[in-house]
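Step one of this worksheet: look at the structure below.
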Amino acid sequence: MRTKVTTASLCLLLLITILVALTNGASAVNLFHLTTTSANTLFTIRLPRVIAALVAGATVSVSGALLQAALRNPIADPGIMGISSGASLFALLGGLLVPGSFLARVGWAFLGGLVAFEVLVRFQPRLDPYRLILVGVAINAFFTGISDLIPSLPGTSTTSLATVTWSGATTLAILGLLGLIGAVILAPWGNYLKVSDPQLVTLGQNPRRLRTGLLLLAVFLATTATATVGVLAFIGIIVPHAGRQLVGHDYNRLLPFTMLAGSWLLLFFDTLGRLVIRPSELPAAALLAVFGGPTLIMILKGGRINA
Amino acid sequence: MLSAHHLTFGYPKQEPLITDLSLEIPAHKITCLVGPNGSGKSTLFKLLTRQVKPQAGTVRLDGQGLWQLKPTAVAQQIALVHQQHQLADTMTVADLVALGRLPYQSSLLASPAAADSAAVLERFGLTALADQPVTTLSGGQAQRVWLALALNQRPTYLFLDEPTTYLDLRYQAELLRLLRRLNQEEGLTIVMILHDLNQALRYCNHCFLLTGGKLVASGAPAAVLTPSQVAASFRLRCDLVETPRGPILVTE
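Chains V and A are the protein sequences, given in the same order. Numbered according to the numbering used here, the first sequence spans residues 335 to 641. Numbered according to the numbering used here, the second sequence spans residues 7 to 258.
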């Protein structure tokens, strides 16, 4: 019952935010009286941006939830752990070395995310929750530093929701939706991994296989979004955490909620950023960090790490 | 039938933990593995339950090598209650006990059906607690939940690793009586590691005494745990005292 009410309210909120996002901005668009200019604004600028925000919000949030399940760590997040910045750096370098299609960029980003993750677990084979985050922070700083050292050349402009094109939005939508479907299918694995590895072995299961499956999917989801809209930190922690409070800890329910809520949260911040100081705008990633940092501190203060 | 044949196991560059050990688990009995720390009983326990692979020798389940069988096929016959229970995230009693059905699922993409676990929850008096998070339960209740999970595998063999360690006296007695009932009513073969030799004397039908990675005695607990045998294995003198409820060991 509670889950249904939460989901219904969220859907309504999402619908309203989409409408606001499409019709407001530097110039207002009346959906019932479209002029050539406003139709142009709507279809070439706002619609791909809204689609990208919706899909990226969902994929990064779900990526966080899957990392948390696989690593048995409630503060795992692709942004904090350096997966997204690895993806960002590789997408940048890949684009410079071998200019190619947008799909190639997504491929480079996935490779970068895998490299970051591999480094992370190489130095933390026991997956201790706190050390993993500390090493992740170092990896994140390292990759971000290298990205910052690369001079601004044509083709290396920062990626964000503001620069999303139709090709980016379509690629993200197709790959992102495939990944999200995969996440819903693999949701029971998140529940299985709540028990220890020896217990899973006792049940005739292979914990390593379950973990690897979820981790690969999590890296894919986060890096695909990063290639299109840049690094988004904290959303991968905040949204699943709120979900556990609202719909419970069962991944079969948590993941669908995380998708909806993640979509809404990113679109909300992106729209907010476009509206508060129009015609200029504030980056959604920055707003998310401003909101997410304190929220994470609250979560940690609550001592719910092993709850 | 579960049996070990000439098992040897050890870590590289170390004294082997188990050397050329053979035994047969008596069917439909309560068996205990006892021995001093470092005697190899934990290693033997892991070898018998397919947690570690022997360097030499085999464990056979109904004539087939444990490592030739599929892991799920083993899990359908051998269930295990670990000494320490960890949950990385909140889980309800019903969801946890339902995991016992995993060895029977052809696909891991479907969550185990709750209906399959209802009988086990009922049997262990957990129906009223089904929707409660396991972490909110008392030690004794939690131990029953993990036991219910193991029995939901509908095993032929139930292994328990020092099951009474974290329980107070009342829950220790309750658990051991429950195990005895499961053994008597359902013919379940039970194998457990015990540290308390008096529990071994009181509740077990058969006893394997290990020392230095070798099986030094096997048989009825009262015949194995004699003062002279205990003195030799544990380097501790004690007396066997008859009580109205059977013999107990009293250390000097």
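The beta-carbon is built from N, C-alpha and C at its ideal position, and this holds for glycine as well.
- Considering only beta carbons, no part of the stretch 433-467 of chain V lies closer than 8 Å to chain A.
- Residue 26(A) has a beta carbon lying at 9 Å or more from every beta carbon in chain V.
- With fewer than 16 other beta carbons inside 10 angstroms of its own, residue 339(V) counts as exposed.
- DSSP places residue 248(A) in the uninterrupted beta strand (DSSP E) bounded by 244-249.
- For residue 467(V), the enclosing alpha helix (DSSP H) begins and ends at 463-483.
- Residue 106(A) has a beta carbon lying within less than 9 Å of a beta carbon in chain V.
- Contact check for residue 556(V) against residue 414(V) fails: the beta carbons are separated by 9 Å or more.
- The beta-carbon separation of residue 530(V) and residue 481(V), rounded to 38 Å, does not stay under the 8 Å limit for a contact.
- Checking the DSSP bridge columns, you'll see residue 66(A) partnered with 9(A) and 71(A).
- Under the Cβ distance rule, residue 97(A) counts among the residues neighbouring chain V, one pair being separated by less than 9 Å.
- Residue 519(V) belongs to the set of residues whose beta carbon lies under 9 Å from a beta carbon in chain A.
- Contact annotation for residue 77(A) against chain V: 535, 538, 539 and 540 [CB-CB distance below 8 Å, chain order].
- Contact annotation: the stretch 587-598 of chain V does not touch the stretch 432-443 of chain V, with fewer than three C-beta pairs closer than 8 Å.
- Contact between residue 511(V) and residue 386(V) is ruled out by a C-beta separation of about 13 Å, above the 8 Å threshold.
- Nearest to residue 110(A) by alpha-carbon distance, out of 161(A), 37(A) and 233(A), is 161(A).
- Short of 6 Å from the beta carbon of residue 463(V), and not among the five residues preceding or following it, lie these beta carbons of its own chain, in chain order: 407.
- Taking a C-beta cut-off of 8 Å against chain V, the contacting residues of the stretch 105-125 of chain A are 105, 106, 108, 109, 114, 115, 116 and 117, listed in chain order.
- Here DSSP, grouped into helix, strand and coil, assigns residue 130(A) to coil.
- Going by beta carbons, residue 524(V) and residue 567(V) fall outside the 9 Å limit.
- For a Cβ distance threshold of 9 Å, residue set 94 and 95 of chain A lies close to residue 527(V), ordered along the chain.
- Taking the Cα positions, residue 207(A) is about 36 Å away from residue 18(A).
- Going by C-alpha positions, residue 478(V) is about 26 Å away from residue 384(V).
- Against chain V, the CB of residue 55(A) has a partner CB under 9 Å away; the residue lies at that interface.
- Around residue 216(A), the same chain offers 41, 45, 46 and 47 as residues with beta carbons nearer than 6 Å, after the five sequence neighbours per side are excluded.
- The contact set of residue 532(V) on chain A, defined by CB atoms closer than 8 Å, consists of 57 and 88 in chain order.
- Burial state of residue 170(A) is buried, judged by a 10 Å Cβ sphere holding 16 or more other Cβ atoms.
- With a cutoff of 9 Å on beta-carbon distance, residue 422(V) and residue 553(V) are scored as not near each other.
- Within the stretch 127-147 of chain A, the residues whose Cβ lies closer than 9 Å to some Cβ of chain V are 139 and 141, listed in chain order.
- Counting the other CB atoms within 10 Å of its CB gives residue 363(V) a total of 16 or more, which places it among the buried residues.
- Residue pairing of residue 84(A) in beta bridges, as defined by DSSP: 163(A).
- Sequence-ordered contacts of the stretch 565-584 of chain V with chain A read 578, 582, 583 and 584 [C-beta pairs closer than 9 Å].
- DSSP lists 38(A) and 166(A) as the bridge partner or partners of residue 198(A).
- Boundaries cannot be given for residue 494(V), as no alpha helix (DSSP H) includes it and DSSP labels it neither H nor E.
- Using a Cβ distance threshold of 9 Å, residue 569(V) and residue 398(V) count as a contacting pair.
- The beta carbon of residue 50(A) sits no closer than 9 Å to any beta carbon of chain V.
- The residues 361 and 363, in chain order, have a CB closer than 7 Å to that of residue 375(V) in the same chain once the five nearest residues on each side in sequence are set aside.
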